[in-house]
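Below is one structure; the comments refer to it alone.
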Amino acid sequence: MNKTVNINLAGIVFHIDEDAFEILNNYLNTLKNHFKNEESADEILEDIEGRIAELFTERLSSKEAVSLTDVNEVITIMGEPSQYDDEIEQEKPQEQQHKEEDLRKGKRRKVFRDEEGRMIGGVCSGMANYFDISVFWSRIIFFFLLFIMGPGAPFIYIMLWIALPSAKTTAEKLEMKGEKVNINNIEKNIKDELNIIENKILDADKKYTKEIFGANSFFRKIVDFCIRVITGIFKFAGSCFGIFCILFGGILLFFIFSFAFSGAEILFQNHPMVEHVCSNFFNNKSATWLSLFIGIPIVAIILFGLRLVNNTKIHMNYKIGIFVLWIISLFFLLNSAKDISIEFQEEAKNTIIENIITESDTLYLSMNDVDRVFDNAFDAKGFKVTPFEDNLMGIGMQLDVVKSKNNNFNLIKEATARGKDKHLAKKMTEGIGFEFTLEDDNLIFDDFFTISSQEWRMQELDLTLELPVGMVVFLDHSLEDLIYDIKNVHNMWDYDMLGHYWKMEKEGLTCISCRLK
Amino acid sequence: MKIENTQSQMRKGILEYCILSILKNGEAYPSDIIGKLKKAKLIVVEGTLYPLLTRLKNTKLLQYRWEESTSGPPRKYYSITEKGNTFLLELDSTWKDLAKAVRLTTKTKKDE
Chain P
1 MNKTVNINLA
11 GIVFHIDEDA
21 FEILNNYLNT
31 LKNHFKNEES
41 ADEILEDIEG
51 RIAELFTERL
61 SSKEAVSLTD
71 VNEVITIMGE
81 PSQYDDEIEQ
91 EKPQEQQHKE
101 EDLRKGKRRK
111 VFRDEEGRMI
121 GGVCSGMANY
131 FDISVFWSRI
141 IFFFLLFIMG
151 PGAPFIYIML
161 WIALPSAKTT
171 AEKLEMKGEK
181 VNINNIEKNI
191 KDELNIIENK
201 ILDADKKYTK
211 EIFGANSFFR
221 KIVDFCIRVI
231 TGIFKFAGSC
241 FGIFCILFGG
251 ILLFFIFSFA
261 FSGAEILFQN
271 HPMVEHVCSN
281 FFNNKSATWL
291 SLFIGIPIVA
301 IILFGLRLVN
311 NTKIHMNYKI
321 GIFVLWIISL
331 FFLLNSAKDI
341 SIEFQEEAKN
351 TIIENIITES
361 DTLYLSMNDV
371 DRVFDNAFDA
381 KGFKVTPFED
391 NLMGIGMQLD
401 VVKSKNNNFN
411 LIKEATARGK
421 DKHLAKKMTE
431 GIGFEFTLED
441 DNLIFDDFFT
451 ISSQEWRMQE
461 LDLTLELPVG
471 MVVFLDHSLE
481 DLIYDIKNVH
491 NMWDYDMLGH
501 YWKMEKEGLT
511 CISCRLK
Chain X
518 MKIENTQSQM
528 RKGILEYCIL
538 SILKNGEAYP
548 SDIIGKLKKA
558 KLIVVEGTLY
568 PLLTRLKNTK
578 LLQYRWEEST
588 SGPPRKYYSI
598 TEKGNTFLLE
608 LDSTWKDLAK
618 AVRLTTKTKK
628 DE
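Sequence order for the protein chains is P and X.
Following the numbering used here, the numbering of the first sequence begins with 1 at its first residue and continues without gaps.
Following the numbering used here, the numbering of the second sequence begins with 518 at its first residue and continues without gaps.
This is the structure:
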């Protein structure tokens, strides 16, 4: 018993044994391959199929199905291509032979549109095949052209779409890719082509049932074209976004890598404060973890972009591996952050009281105000700290004026700083220094405080001037940035207090030069 | 130099000449032509003929018409064109020259 297959040869239906069908199918494929360079290969094949159909019909007068014997007999009659090779091979003109030789060596290529690898019209992938580059790069180049030339690039694309033929036959496809013509390639291509033909036949069947919407009708072509353009636009938008992801991620990644290999110097080279926070934090190891922590999501963005542009897929194991690495980097970063926070966990205060001795009953307060550039400062709680000479300096201290508990002018300097423990914090506060000069009755403050330490531990300084009852201070305009929330009997704003004489009464500071309503 | 190459070179031109000559006497369909060529032992396998016919048709030396067949698919009946006739006349004279040349040269060899 044999299973049979139905085939259509030149319009006649035959029942054919399955094994016989395999042989016949192979035979026809070999013929197709043999005639692939022939101008009217399809016609020759049709003629041969017609003849085979005729021979089958002769043999089927007394039975129903074509058997293996029949097929073998028919093939013997028609002959293997090798048997008429000699009669055809020589027919090719000299030029053609050279061409084929080049082709076989993968030398000569022709520009075709590659419909199989197309996004819109297959122009980019055709170009990629011609120049033997990845289609990814040809699309990147097109994308750049789009930027440089604006609307010119799509115009060129459409021109090429119209002008370039698409690679249809096996030979053309091989010519397009310049692949070596060998059995494997041809077999691969023939299989592809057979699929295409099969689809064509299916389409043709539909044509009879749907005359208007048939495969080749004008209407259908228009619809096909529109669908192709729309999907093309979507694909194009997708790949534009993908390219954007790749470029964006690539640039970021470049910086991250410079960061990782230069131990934070490149990223923070304009910020000299970093080394004062924790000299051993931004060492190479931490920088590597930080780079991984930031870099891995960027790589993910790039991969996502690649997937949009080129449909590059990453194996699940790699994804998991990368994710685990990211978690590890997060862990180490948190650890480093913990190390840093420990450095700041305790706070200490240090108060120094200085007596200001003056004969006068009026003290003229002013500040030696220099416009300092504090671009590279760390800013915390209103205090800015920046490197200064060998150590650090800060600004942002505030001056208050209160009633003295005794009969002296006192300047109270209250320094605050942090450290790993109380003792270290206290040590930090002792490094904070503040200078002023006293010339007769002129008290001139510096506009900064010094930190005699390499380490920044949120050093702060607050100033309070104690004024005995009955004494007067004059607040110069240069104190604008220094005074803060000085209580007075008039409830006047700090800024309004400048340029006036203030006398300490029992009730509090009273203006003696203001015109009060 | 391969003997097969030389043989096929010789056969190739003759085959086209013979096909045109067969069709000179009236139209025929491939099986008729094959029958005659096989009898003359010019071809062994039928597959050889189809590309030749198509090529001759493409160069406008032959034309064909379809005819329904009672036993099988429709057949292509080939006939010679005017251009084909002119072509054939030229081949006739060439063949005569060649035959003469071959006769003469082979004869001399035998005599020696």
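A virtual CB, placed ideally from N, CA and C, is assigned to each residue, including glycine.
Item: Beta-carbon proximity list for Asn-270 (chain P), same chain, < 6 Å, skipping 5 on both sides; Value: Confidence is the limiting factor: at Asn-270 (chain P) the pLDDT is only 48, short of 50, which leaves the residue's position unreliable and the question unanswerable from this model.
Item: Members of the stretch 552-565 of chain X that neighbour chain P once the beta carbon cut-off is set at 7 Å; Value: Val-561, Val-562, Glu-563, Gly-564 and Thr-565
Item: Contact set between the stretch 591-624 of chain X and chain P, restricted to residues whose Cβ is under 9 Å from the partner; Value: Pro-591, Arg-592 and Lys-593
Item: Of the residues P:Lys-426, P:Trp-161, P:Met-393 and P:Phe-35, the one placed nearest Arg-447 (chain P), counting alpha carbons only; Value: Looking at the sequence provided, one finds Asp at residue 447 (chain P) rather than Arg. Nearest of P:Lys-426, P:Trp-161, P:Met-393 and P:Phe-35 to Asp-447 (chain P), Cα basis: P:Met-393.
Item: Where the beta strand (DSSP E) through Asp-47 (chain P) begins and ends; Value: No beta strand (DSSP E) holds Asp-47 (chain P); the alpha helix (DSSP H) holding it covers 41-59.
Item: C-beta neighbour in chain P for Thr-571 (chain X), strict 8 Å; Value: yes
Item: Cutoff 8 Å: Ser-538 (chain X) Cβ touching any chain P Cβ; Value: no
Item: Asn-270 (chain P), DSSP secondary structure in three states; Value: Confidence is the limiting factor: at Asn-270 (chain P) the pLDDT is only 48, short of 50, which leaves the residue's position unreliable, though a coordinate-based value still follows. If DSSP states are grouped into helix, strand and coil, Asn-270 (chain P) belongs with coil.
Item: Stretch-stretch touch, CB-based, cutoff 8 Å, three pairs: the stretch 322-341 of chain P with the stretch 406-425 of chain P; Value: no
Item: Among X:Tyr-567, X:Leu-540, X:Gln-524 and X:Lys-519, nearest to Gly-79 (chain P) - alpha-carbon criterion; Value: X:Tyr-567
Item: is_contact[Asn-575 (chain X), chain P] using C-beta, thresh 8 Å; Value: yes
Item: Stretch-stretch touch, CB-based, cutoff 8 Å, three pairs: the stretch 466-473 of chain P with the stretch 413-426 of chain P; Value: no
Item: Contacting residues, own chain, Cβ-Cβ under 7 Å from Met-504 (chain P) (five flanking each side not counted); Value: Lys-403, Leu-467, Pro-468, Val-469, Gly-470 and Met-471
Item: Ile-550 (chain X) (DSSP reduced to helix, strand or coil); Value: helix
Item: For Arg-582 (chain X) and Ala-545 (chain X), the rounded distance between their alpha carbons; Value: 10 Å
Item: Members of the stretch 523-534 of chain X near chain P, C-beta cut-off 8 Å; Value: Gln-524, Ser-525, Gln-526, Arg-528, Lys-529 and Leu-532
Item: Inter-residue Cα distance where the pair is Thr-587 (chain X) and Glu-563 (chain X); Value: 21 Å
Item: Under 8 Å between C-beta atoms of Val-324 (chain P) and Ile-243 (chain P); Value: no
Item: Residue burial classification, Trp-493 (chain P) (beta-carbon count within 10 angstroms, cutoff 16); Value: exposed
Item: Closest by C-alpha distance to Phe-434 (chain P), when choosing among P:Ala-425, P:Met-428, P:Asn-442 and P:Phe-449; Value: P:Phe-449
Item: Buried versus exposed call for Val-123 (chain P) [16 or more other C-beta atoms within 10 Å across all chains shown]; Value: buried
Item: Which listed residue (P:Met-497, P:Asp-400, P:Ile-486 and P:Ile-120) has its alpha carbon closest to that of Ile-233 (chain P); Value: P:Ile-120
Item: Distance, Ile-246 (chain P) Cα to Asn-37 (chain P) Cα; Value: 43 Å
Item: Cα-Cα separation, Phe-396 (chain P) to Asp-390 (chain P); Value: The sequence shown places Gly at residue 396 (chain P), rather than the Phe named in the question. So the alpha carbons of these two residues sit roughly 20 Å apart.
Item: 4-residue-minimum alpha helix (DSSP H) runs that sit fully inside the stretch 294-367 of chain P, ordered along the chain; Value: 316-343
Item: CA-to-CA distance, Thr-437 (chain P) to Asp-369 (chain P), given in whole angstroms; Value: 13 Å
Item: Boundaries (first-last residue) of the beta strand (DSSP E) holding Glu-460 (chain P); Value: 460-467
Item: DSSP state of Leu-164 (chain P) mapped onto helix, strand, coil; Value: coil
Item: Cutoff 8 Å: Ile-222 (chain P) Cβ touching any chain X Cβ; Value: no
Item: Endpoints, alpha helix (DSSP H) assigned at Gln-524 (chain X); Value: 520-541
Item: Chain-ordered chain X contacts of Leu-84 (chain P) [CB-CB under 7 Å]; Value: For the record, residue 84 (chain P) in the displayed sequence is Tyr; it is not Leu. Those within 7 Å of Tyr-84 (chain P) in chain X are Val-562, Gly-564 and Thr-565.
Item: Nearest-angstrom beta carbon gap, Asp-485 (chain P) and Glu-414 (chain P) [assumed within contact, 8 Å]; Value: Contact flag wrong, Cβ pair sits at about 15 Å.
Item: Any chain P beta carbon closer than 8 Å to Gly-543 (chain X); Value: no
Item: Phe-14 (chain P) - partner residues in DSSP beta bridges; Value: P:Ile-7
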